[in-house]
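Asks:
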Amino acid sequence: MNDQPKVLVIGLGLIGASFAKALKTRGEAYVYGYNRREGVAAQAKELGVIDEVVDNLSELPDVDCIVIGVPVLAIAAVIEAIKPALDKVKAITDVGSVKGEVVNIVRQQLGYVPASFVPGHPIAGAEKSGLMAANDQLFENHMLIVTPLEETSAEATTLVSRLWSACGAEVVSMPVARHDEVLAATSHLPHLLAFSLVDTLSRESENREIFKYAAGGFRDFSRIAASDPTMWHDIFLTNQDALLAVLRRFQADLSQLEGAIERGDGDYLKVVFERAKASRDHFSDILEARKNKK
Ligand SMILES: NC(=O)C1=CN([C@@H]2O[C@H](COP(=O)(O)OP(=O)(O)OC[C@H]3O[C@@H](n4cnc5c(N)ncnc54)[C@H](O)[C@@H]3O)[C@@H](O)[C@H]2O)C=CC1
Ligand SMILES: O=C(O)C(=O)Cc1ccc(O)cc1
Numbered sequence: 001m002n003d004q005p006k007v008l009v010i011g012l013g014l015i016g017a018s019f020a021k022a023l024k025t026r027g028e029a030y031v032y033g034y035n036r037r038e039g040v041a042a043q044a045k046e047l048g049v050i051d052e053v054v055d056n057l058s059e060l061p062d063v064d065c066i067v068i069g070v071p072v073l074a075i076a077a078v079i080e081a082i083k084p085a086l087d088k089v090k091a092i093t094d095v096g097s098v099k100g101e102v103v104n105i106v107r108q109q110l111g112y113v114p115a116s117f118v119p120g121h122p123i124a125g126a127e128k129s130g131l132m133a134a135n136d137q138l139f140e141n142h143m144l145i146v147t148p149l150e151e152t153s154a155e156a157t158t159l160v161s162r163l164w165s166a167c168g169a170e171v172v173s174m175p176v177a178r179h180d181e182v183l184a185a186t187s188h189l190p191h192l193l194a195f196s197l198v199d200t201l202s203r204e205s206e207n208r209e210i211f212k213y214a215a216g217g218f219r220d221f222s223r224i225a226a227s228d229p230t231m232w233h234d235i236f237l238t239n240q241d242a243l244l245a246v247l248r249r250f251q252a253d254l255s256q257l258e259g260a261i262e263r264g265d266g267d268y269l270k271v272v273f274e275r276a277k278a279s280r281d282h283f284s285d286i287l288e289a290r291k292n293k294k
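Residue numbering for the sequence shown follows the UniProt record's numbering, starting at 1 and increasing by one per position.
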């Protein structure tokens, strides 16, 4: 008898398809896939990303776990569509980059939070999106944050954690609010800055001429400005409080730097840059240690 868990992935883009492919290629699950855009799920099957196509969310197969891999503001429609099946699954999880608002959406749609619901977020990704960007190694040595709620059953958290661990991720748990604060600082703010800088420079320069002269620093800083606009629109609008708090702290510090440059205060600049360099060197050590853990 085949004792593989059955998993349905809804939203076969970068993250959903990478997760599906990682589970399938490792033989860790029998994977069903659904995507709203026609033809995507069939293509995923052809590419060996999923085992079976689900055509309609109103006729779901019996599965152990449902994984929602759509942009944050598309989650409400998915929950609404799968409502009748929710009693039957052991676990339901999502991969959204924001957790507080996802929990609110689930509560609003259902009127309660089911014990099977385990909010999740892989801290791995790329500026690319869509099925063709799927990569079954994407989560290797990356963290997967779960933010179980009071209502969440231990059984559901264990199943979701087991699936992500099977894809090579290190599962860590934290409260929803802490997740949204940490990610606002380390992911959402940097993406906002990258979008903003690239937009400012491209509007100022005819035919984006100046990009020809840019070096590696600009390449590194600007890569994430090529990320999906819809996905980031949803993130910025659903993590407003945490993002605005860190954005305001950053703006205040940036103004201090502006003042120091205006008055030629090299000592101030050096203090800031040395402190930043020490922090970035420490972060490089963490990245190196993570790579060597493999
Ligand atoms: N891109 C990244 O690096 C990361 C993204 N995330 C989160 O993962 C989620 C998905 O992001 P990506 O995979 O990058 O996006 P994507 O754009 O590559 O994929 C989303 C997929 O969902 C489908 N979709 C949209 N609305 C749908 C609906 N109502 N029903 C069914 N399918 C629908 C789209 O057609 C697309 O195939 C987002 O919530 C994002 O915040 C989390 C970690 C990293
Ligand atoms: O492209 C990159 O470097 C990223 O930072 C990807 C990413 C985007 C969104 C997330 O919620 C998590 C990871």
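Where a beta carbon is used, it is the ideal one built from N, C-alpha and C, also for glycine.
Just so you know, these numbers come straight off a predicted model, no measurement behind them.
Considering only heavy atoms of ligand 1, does any lie closer than 8 Å to the CB of residue 67?
Replies: The answer is no for residue 67.
Asks: Cβ-heavy atom distance between residue 174 and ligand 1 below 8 Å?
Replies: No.
Asks: Under a Cβ-count criterion, where at least 16 other Cβ atoms within 10 Å of its own Cβ denotes burial, should residue 313 be classed as buried or exposed?
Replies: A question about residue 313 goes unanswered here, because the residues of the chain that appear run from 1 up to 294.
Asks: Return the residue from the list 109, 27, 161, 83 that minimises the CA-CA distance to residue 173.
Replies: 161
Asks: Give the DSSP-derived three-state secondary structure of residue 11 in the structure shown.
Replies: coil
Asks: What three-state label does DSSP hand residue 231 in the structure shown?
Replies: Three-state DSSP puts residue 231 in a helix.
Asks: If you run the structure through DSSP and keep just helix, strand and coil, what is residue 122?
Replies: strand
Asks: Residues in the same chain with beta-carbon distance under 7 Å from residue 71, minus the five sequence neighbours each way, listed in chain order, please.
Replies: 230, 231, 234
Asks: Run through the DSSP bridge pairs and tell me what residue 94 is partnered with.
Replies: 68
Asks: Measuring CA to CA, which of 255, 166, 118 is closest to residue 149?
Replies: 118
Asks: At a threshold of 8 Å, does residue 230 count as lining ligand 1 (C-beta to nearest heavy atom)?
Replies: yes
Asks: With distances taken between CB atoms, is the gap from residue 180 to residue 106 smaller than 9 Å?
Replies: no
Asks: For residue 59 and residue 154, what's the separation of their Cα atoms in angstroms?
Replies: 28 Å
Asks: What residues are listed by DSSP as bridge partners for residue 132?
Replies: Looking at the DSSP assignment, residue 132 forms no beta bridge with any residue, so it has no partner.
Asks: Going by DSSP in three states, residue 173 sits in which element: helix, strand or coil?
Replies: strand
Asks: Going by the C-beta, is residue 169 closer than 8 Å to any heavy atom of ligand 1?
Replies: no
Asks: Can you give me the C-alpha to C-alpha distance between residue 39 and residue 122, rounded to a whole angstrom?
Replies: 26 Å
Asks: May I have a chain-ordered list of the alpha helix (DSSP H) segments no shorter than 4 residues that lie completely inside the region 248-273?
Replies: none
Asks: Pull up the DSSP beta-bridge partners for residue 52, would you.
Replies: 32
Asks: Should the region 263-271 be called in touch with the region 197-216, which here means at least 3 C-beta pairs below 8 Å?
Replies: no
Asks: Please go through the same chain and pick out, in chain order, the residues whose beta-carbon is closer than 6 Å to the beta-carbon of residue 226, but skip the five residues on each side of it.
Replies: 127
Asks: Applying the 10 Å Cβ sphere with the 16-neighbour rule, what's the burial state of residue 88?
Replies: exposed
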